[in-house]
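Q:
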């Protein structure tokens with residue numbers, strides 16, 4: 172695989188891990204996030220598992236709900 176493809180895979184992996192960590196850090200369940208964003212719980216689960224792509228609008232709303240900077244979601248997760 173090319174370096175570019177590997178970087179995309181790495182970024183998506185970071186996204187899944189960091190998204191879930193940010194939600195847990197915020198003390199919210201997948202169901203609660205689904206209610207806030209007016210989406211199904213299965214949609215949130217699929218975002219966290221990388222099975223479904225998130226729209227830009229949902230991504231912005233999700234970051235706002237989690238109180239995280241949009242760019243932080245793509246960084247590797249670092250536990251505190």
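Numbering (the numbering used here), first residue to last: 172 to 251. Ideal Cβ positions, reconstructed from N, Cα and C, are used throughout, including at glycine.
1) Out of curiosity, what's the CA-to-CA distance linking residue 231 and residue 203?
2) Less than 8 Å between the CB atoms is what I'm expecting for residue 237 and residue 210, so what's the real figure, rounded?
3) Please classify residue 200 as buried or exposed, where buried requires at least 16 neighbouring CB atoms within 10 angstroms.
4) Can you check whether the CB of residue 190 is closer than 8 Å to the CB of residue 244?
A: Let me spell this out:
1) Residue 231 and residue 203 have their C-alpha atoms spaced approximately 17 Å apart.
2) Residue 237 to residue 210, Cβ: 14 Å. No contact.
3) Exposed: under 16 other Cβ atoms inside 10 Å.
4) Yes, the pair counts as a contact, with Cβ atoms nearer than the cut-off.
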